[in-house]
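Residue numbers (our numbering): 2 to 566.
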């Protein structure tokens, strides 16, 4: 059975079991046949041949479903083989309820990256649990591969600024497309806009009542033109200002707003922080199929927003001071936020390689993070990932879905001390991902776009030239807290000290609260805090717990103010 449409992406169902093939095929066709081509096939070998044909025809495959049961052999092997033909497609094992003895091999296949998740075969019509898994997979596939409504159009050159804008819009869940100003399509778009020799990049906001056209705009100009924020009044006073909208800051905003505190969130770039760039977080509790950092962050942002938290984007905090019982957060636009307490959740920033010729190619083949937004452009190309932590592992696995070859360069001699086991297993199982230990990047370049790296063997000192189309750097991080000096106590690396880690400073009349900094009423959570656990779930927990301590501080402040009155 098949329903084929020439331009629609395809969903492929493969099973040698007649009931699985019929049930899954019928459910998929009824629910998704209007928007997707549906292929239902019996033999795994025939199905692989059909996938090869689709690849040759440049047809897109969005989802592959393969049965696996005591009477349905070959599904797991088929899924593993299908990855090389359509690496961007989502892949699911369809299992039969009650065959629990097969669970270990299914989970092992998912752990090796041969399948993305598992689904239980529908036993009745309108099995919404089954369809929830399918629609979430299609949502993730669509989000990673783009297409559809162009909320923002960018026309510019291949440059660091163009890349930064694409990445920022994408991380903020704003659909964006980029057109090279030197291409015929780019020139045509500029003519349509009536622009002869504009300052690049040109940004077109198509979601405003009248399309807004900005030439080489700053982040602040874009934020103000979007119409989604109100300016802060000097008279406004909040219960709490949260600085940073990563997992810790968003969690603090959710709990503070839900408990009736007037809450302001300051974010200088994009919702989600570093976690928002993770292609798939497999160890976050409650998500059996894993969840992208982008999806998790954006859902939490909407939750906080719906509960009453107010967001102020594209403003960086530049200073922190005390004004009586209030805390003043100075902002990069010259304004300030006034509140009775502050939650500092600014996270950390990727470290730079420090190679001048590569820094000059940022946005032109060299990227810090950005594996999610740039991965589709790596189709049929090779790339290098530098780093040995979870962020680097997630980037490598995600890039491996698109690129012909991914090489991971690690300074140390093992991944076991810095990367989660599930990621190591996925990397080991991926046929197109290689790992080089004891290696570091010391040079590279290209004629306007990266085409090679110079890699040094740390044990021998020997250098070699490595041809590549792109470099993704995820080599550790630093807190970027110089703007807090001397207001807050920090350790030698710049991480903010809290609670018992405070070096003899803190409130004069009491012991500091857990997560409280050397400035009373200011709390630090997540990666910016000294001694934090670098995991998303831990950051979320700290953000939630900080609100509990913040309530205690505010209660004490009220009692003190009442006593003074």
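Yeah, the Cβ is synthetic: ideal placement off N, Cα and C, and Gly gets one too.
{"Item": "So is residue 294 buried or exposed if we call it buried at 16+ other beta carbons inside 10 Å?", "Value": "buried"}
{"Item": "How far does the alpha helix (DSSP H) with residue 224 in it extend, from its first residue to its last?", "Value": "220-227"}
{"Item": "Below 8 Å on the Cβ atoms is my contact criterion, and I expect residue 394 with residue 362 to pass it. Report the Cβ-Cβ distance as a whole number of Å.", "Value": "No, residue 394 and residue 362 are not in contact; Cβ-Cβ is about 24 Å, not under 8 Å."}
{"Item": "Confirm, please, whether the CB-CB distance from residue 84 to residue 115 is below 8 Å.", "Value": "yes"}
{"Item": "Do residue 15 and residue 68 have their CB atoms nearer than 8 Å?", "Value": "yes"}
{"Item": "In whole angstroms, give me the CA-to-CA distance for residue 119 and residue 108.", "Value": "8 Å"}
{"Item": "Give the DSSP-derived three-state secondary structure of residue 188 in the structure shown.", "Value": "helix"}
{"Item": "Please check the pair residue 475 and residue 241, which I expect to be a contact at CB under 8 Å, by giving their CB distance rounded to whole angstroms.", "Value": "With 8 Å as the limit, residue 475 and residue 241 do not qualify as a contact, their Cβ atoms being about 32 Å apart."}
{"Item": "Which residues does DSSP pair with residue 154 in a beta bridge?", "Value": "178 and 205"}
{"Item": "Can you tell me whether residue 437 is helix, strand or coil according to DSSP?", "Value": "strand"}
{"Item": "Give me the DSSP bridge partner(s) of residue 350.", "Value": "479"}
{"Item": "According to DSSP, simplified to helix, strand and coil, what is residue 340?", "Value": "strand"}
{"Item": "Of the residues 9, 365, 491 and 504, which one's Cα is nearest the Cα of residue 480?", "Value": "491"}
{"Item": "Output the boundary residues of the beta strand (DSSP E) element that contains residue 419.", "Value": "Unbroken run through residue 419: none, as it is neither H nor E."}
{"Item": "Rounded to the nearest angstrom, what separates residue 345 and residue 562 at their Cα positions?", "Value": "24 Å"}
{"Item": "Looking at the unbroken beta strand (DSSP E) that takes in residue 24, where does it start and where does it end?", "Value": "Run containing residue 24: none in the beta strand (DSSP E); it sits in the alpha helix (DSSP H), 19-33."}
{"Item": "State the start and end residues of the unbroken beta strand (DSSP E) segment that holds residue 169.", "Value": "No beta strand (DSSP E) contains residue 169, which is instead part of the alpha helix (DSSP H) from 161-172."}
{"Item": "Where does residue 229 land, buried or exposed, given buried means 16+ other C-beta within 10 angstroms?", "Value": "exposed"}
{"Item": "Quick one: grab the DSSP three-state call for residue 369.", "Value": "strand"}
{"Item": "Since residue 256 and residue 548 are thought to touch, with beta carbons under 8 Å apart, how far apart are those beta carbons, to the nearest angstrom?", "Value": "4 Å"}
{"Item": "Would you check if there are 3 or more beta carbon pairs closer than 8 Å linking the segment 370-379 to the segment 454-469?", "Value": "no"}
{"Item": "So the alpha helix (DSSP H) residue 82 belongs to, where does it begin and stop?", "Value": "76-86"}
{"Item": "Using only the alpha-carbon positions, how far apart do residue 179 and residue 308 sit?", "Value": "34 Å"}
{"Item": "Return the first residue and the last residue of the alpha helix (DSSP H) that residue 56 is part of.", "Value": "45-57"}
{"Item": "Does DSSP put residue 296 in a helix, a strand or coil?", "Value": "helix"}
{"Item": "Kindly indicate the opening and closing residues of the beta strand (DSSP E) around residue 313.", "Value": "311-314"}
{"Item": "How should residue 125 be labelled, buried or exposed, when 16 other C-beta atoms within 10 angstroms of its C-beta is the threshold for buried?", "Value": "exposed"}
{"Item": "Counting beta carbon pairs with one atom in the segment 391-408 and one in the segment 428-436, are three or more of them shorter than 8 Å?", "Value": "yes"}
{"Item": "Mapping DSSP to helix, strand and coil, what is residue 534?", "Value": "coil"}
{"Item": "Does the segment 184-196 come close enough to the segment 128-146 to have 3 or more Cβ pairs within less than 8 Å?", "Value": "no"}
{"Item": "Helix, strand or coil, according to DSSP, for residue 463 in the structure here?", "Value": "coil"}
{"Item": "Give me the Cβ distance between residue 348 and residue 270, rounded to the nearest whole Å; I'm assuming they're in contact under 8 Å.", "Value": "So it is not a contact: roughly 10 Å between Cβ atoms."}
{"Item": "What whole-angstrom Cβ distance do residue 472 and residue 365 have, given they're in contact under 8 Å?", "Value": "Wrong, their Cβ atoms sit about 11 Å apart, outside the cutoff."}
{"Item": "So what does DSSP say about residue 70, is it helix, strand or coil?", "Value": "strand"}
{"Item": "Distance, Cα to Cα, residue 441 vs residue 167?", "Value": "28 Å"}
{"Item": "Going by beta-carbon coordinates alone, are residue 13 and residue 26 separated by less than 8 Å?", "Value": "no"}
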